[in-house]
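S.K.: Line order of the protein sequences matches chains A and B.
Whatever position you read off the first sequence (first residue = 1), add 372 for the working numbering.
Whatever position you read off the second sequence (first residue = 1), add 7 for the working numbering.
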Amino acid sequence: MDIKNILISVDASDNAMRAVDYAASILANAEGVRVTLLYIERAPNRDKFDDEAAWLNQCKLDHDRVFDFLKTARQKLVAAGLPEASVHERTVLCSAEPSIAQTILDVQQAEGFGTLVVGRRGLTKGEEFLFGSVSSKLVHNAKNCAVWVVQ
Amino acid sequence: MPESVRELVERFKPPVSVRTYGTVFTDTTEFMNIGYGDVIKLGGRYYLVLGDERERRFGMEDPKFWVKRCVEMESGQYRILKLEFQESFDQHIGSLTITCHRSAAKEARILRLVAGDMRFMQGLGVRDERGNLARVLERVAGRRLDLNIEDLHQSHREYFQETFPGILQRFIGACRAIHHLHQHGETHGDIRRDHLYVDHKTGEYCWIDFDYGYDSVENPFGLDLFGLGNILSFITGKGVHTIQDVDAEALGITEADCALFFRHRVVNLRKLFPYIPADLNNVLMHYSAQSEVFYESVPELLADLEPCLENLRRA
């Protein structure tokens, strides 16, 4: 695993942008790093929408939000001094199984990322029980890589 | 009302005074307007409406205007019609607020999945002429598990030693039923003790009401596992025991012995009933305020719970 091969997992949230900001500040003067912004896409639950059109509209809104997020994140990393060519974006589709955390780890393992960066929402114990925490699962299950958890 | 439907109403109307000939509804969108004596036509069958279903909890009754008690007039069988009512609302679990949605499509999908599986209520989804997805449900020939347990005239010790092992065995079967849903990417969504029935004939447990859904989360089965824990605590304790009901100081009971989400509800039941084995109590403690480890799947829960049953049987 190459520690300079860095995977930043994002979800278009403020927490994820804090992780990008942190990585940009740490990596500003680093040489030879390669950063991949990874978005795990999970379609909104179809059951909560009245019809197909409403669901597709939400899918498009989510997609546009992530597109804007990735664009902003790239700009921040490049503005911090990373070469354009060293910043990449990637989207991976994920259903309920495997989990988002497992999908991130699968990408990390398959492509030899030595550093994994993720934002943290700061869930309460109860929220973590009911909803699960991606960052907690990454910390517990990541192998052969450093995990930066940004609060 | 057409003559043919009148004849059916005459045959199957209940033996009480009714507004005999109501309206025949083929579009159930305005379900509030459908009442006693009306007839709903669904999938080529006619259902005489006897009234709205009511939810009975904590001694209160809430009418569910979208759920109609009916007689299917072709067969004379009692049916429950759940009419499509898509809504989102906030559900409160302790101090947590969760946005929940009611989905006819989800329930109809699960009904297809569990057709013939008597661990679940039976029925099917049928669209009305407007495209609304109603669910035609068979009445579960049984009674709520929690009411059965509350009616037992036994001390807790007698209950725990004589009756509880059989209940736990069937509860484990009910947990496996929930795992069956999870294996197919579904959740029950509203696991509560009043949604688990005991079949009058077989004594087996049967889950009802699967129309609640939630946004996708990292731990998709967390809410179901939470519900199973609440029921396990109820059946082990032969009811709910609050910190106010017991001499907490004498028993050394603190908030850490109570449920994670309901800080007044004691889950460290071994402090109340010392004959509850430690292994079973440890399962309950996964749901306590002091727990740092939670069950994420039914097999994880059962890996701890099944040996408890074996130990109870041996004791």
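The C-beta atom is built at its ideal place from N, Cα and C for all residues, glycine as well.
Here the structure is a predicted model, which is why all the values come from computation and not from measurement.
How many angstroms separate the CA atom of Glu413 (chain A) from the CA atom of Met389 (chain A)?
M.R.: In this structure, the CA atom of Glu413 (chain A) is about 17 Å from the CA atom of Met389 (chain A).
S.K.: Assuming Leu55 (chain B) contacts Val143 (chain B) (C-beta within less than 8 Å), just tell me the rounded distance between them.
M.R.: No, Leu55 (chain B) and Val143 (chain B) are not in contact; Cβ-Cβ is about 13 Å, not under 8 Å.
S.K.: From the beta carbon of Val506 (chain A), is the nearest beta carbon of chain B less than 8 Å away?
M.R.: Judged by the 8 Å Cβ criterion, Val506 (chain A) is in contact with chain B.
S.K.: Would you call the segment 198 to 209 of chain B in contact with the segment 225 to 238 of chain B, where contact means no fewer than 3 C-beta pairs closer than 8 Å?
M.R.: yes
S.K.: Is it buried or exposed for Ile375 (chain A), if we count other Cβ within 10 angstroms and need 16 for buried?
M.R.: exposed
S.K.: DSSP three-state call for Arg321 (chain B): helix, strand or coil?
M.R.: Three-state result, Arg321 (chain B): helix.
S.K.: Could you work out which residues of chain A lie near Leu103 (chain B), taking near to mean beta carbons separated by less than 9 Å?
M.R.: Thr496, Gly498, Glu499 and Leu502
S.K.: Counting Cβ pairs, one atom from each stretch, are 3 or more of them under 8 Å apart for the segment 421 to 431 of chain A and the segment 439 to 447 of chain A?
M.R.: Output reads no: the segment 439 to 447 of chain A does not touch the segment 421 to 431 of chain A.
S.K.: Assuming contact is defined by CB atoms lying nearer than 8 Å, are Trp7 (chain B) and Ala184 (chain B) in contact in what I supplied?
M.R.: This structure cannot speak to residue 7 (chain B), because chain B is shown only from 8 to 322.
S.K.: Can you find a C-beta in chain A that's less than 8 Å from the C-beta of Ser95 (chain B)?
M.R.: yes
S.K.: Pick helix, strand or coil for Leu144 (chain B), following the three-state DSSP scheme.
M.R.: strand
S.K.: What does Asn417 (chain A) touch in chain B if you count any residue whose Cβ is under 7 Å from its own?
M.R.: Gly220, Asp222 and Ser223
S.K.: Determine whether the beta carbon atoms of Leu152 (chain B) and Val205 (chain B) lie at a separation below 8 Å.
M.R.: Going by C-beta atoms, Leu152 (chain B) is nearer than 8 Å to Val205 (chain B).
S.K.: Opposite Arg63 (chain B) in the DSSP bridges: which residues?
M.R.: B:Glu68
S.K.: Tell me whether Asn513 (chain A) counts as near the ligand MN, meaning its Cβ is closer than 7 Å to at least one heavy atom of that ligand.
M.R.: You won't find the ligand MN in this model; it holds no ligand whatsoever.
S.K.: Nearest to Gly42 (chain B) by CA position, among B:Arg18, B:Ser11, B:Glu14 and B:Leu90, is which residue?
M.R.: For Gly42 (chain B), the closest C-alpha among the options B:Arg18, B:Ser11, B:Glu14 and B:Leu90 is that of B:Leu90.
S.K.: Grouping DSSP H, G and I as helix and E and B as strand, with all else coil, what is Tyr28 (chain B)?
M.R.: coil
S.K.: Would you mind telling me which residues of chain B sit closer than 7 Å to Ser471 (chain A), beta carbon to beta carbon, in chain order?
M.R.: Near Ser471 (chain A) (Cβ distances below 7 Å), the residues of chain B are Glu225.
S.K.: If you draw a straight line from the alpha carbon of Thr194 (chain B) to that of Leu276 (chain B), how long is it in whole angstroms?
M.R.: 28 Å
S.K.: Let's see if you can read the secondary structure: which residues bound the alpha helix (DSSP H) around Ala518 (chain A)?
M.R.: It is not in any alpha helix (DSSP H) - Ala518 (chain A) instead sits in the beta strand (DSSP E) that spans Ala518 to Val522.
S.K.: In whole angstroms, what is the alpha-carbon distance linking Val224 (chain B) and Arg52 (chain B)?
M.R.: 40 Å
S.K.: Hey, could you find the ends of the beta strand (DSSP E) Asp440 (chain A) is sitting in?
M.R.: Counting along the chain, Asp440 (chain A) falls outside any beta strand (DSSP E), though it belongs to the alpha helix (DSSP H) covering Glu424 to Ala451.
S.K.: Closer than 8 Å, Cβ to any Cβ of chain A: which residues of the segment 267 to 287 of chain B, in chain order?
M.R.: Leu267 and Phe268
S.K.: So which residues of chain A does Ala112 (chain B) contact, with C-beta pairs closer than 7 Å?
M.R.: Per Cβ cutoff of 7 Å: Asp419.
S.K.: Would you mind sorting Gly138 (chain B) into buried or exposed? The rule is 16 or more other CB atoms within 10 Å of its CB.
M.R.: exposed
S.K.: In the DSSP assignment, find the alpha helix (DSSP H) that holds Phe233 (chain B) and state where it starts and stops.
M.R.: Gly229 to Gly244
S.K.: Please report how far the alpha carbon of Thr243 (chain B) lies from the alpha carbon of Ser508 (chain A), in whole angstroms.
M.R.: 31 Å
S.K.: By the 10 Å Cβ neighbour count, where 16 or more other Cβ atoms means buried, how is Ala263 (chain B) classified, buried or exposed?
M.R.: exposed
S.K.: Quick one: any contact between the segment 391 to 405 of chain A and the segment 485 to 496 of chain A, if contact means 3 or more CB pairs under 8 Å?
M.R.: yes
S.K.: Start and end of the alpha helix (DSSP H) containing Tyr119 (chain B)?
M.R.: In the sequence as displayed, the identity of residue 119 (chain B) is Arg instead of Tyr. Element bounds for Arg119 (chain B): Ala111 to Leu120.
S.K.: Determine the burial state of Val290 (chain B): buried for a count of at least 16 other Cβ atoms within 10 Å of its Cβ, exposed for fewer.
M.R.: Buried, by the Cβ-count rule.
S.K.: Tell me, please, whether the CB atom of Lys432 (chain A) is closer than 8 Å to any CB atom in chain B?
M.R.: No, Lys432 (chain A) lies away from the interface with chain B (no Cβ there is under 8 Å from its Cβ).
S.K.: May I ask you to verify whether the segment 98 to 113 of chain B touches the segment 157 to 171 of chain B, counting CB pairs closer than 8 Å and requiring at least 3?
M.R.: no
S.K.: Measure the CB-CB distance between Phe268 (chain B) and Ile100 (chain B) and report whether it falls below 8 Å.
M.R.: yes
S.K.: Consider the Cβ of Arg493 (chain A): report whether some Cβ of chain B lies at a distance smaller than 8 Å.
M.R.: no
S.K.: Counting along the chain, where does the beta strand (DSSP E) carrying Glu94 (chain B) start and finish?
M.R.: Glu94 to Ile100
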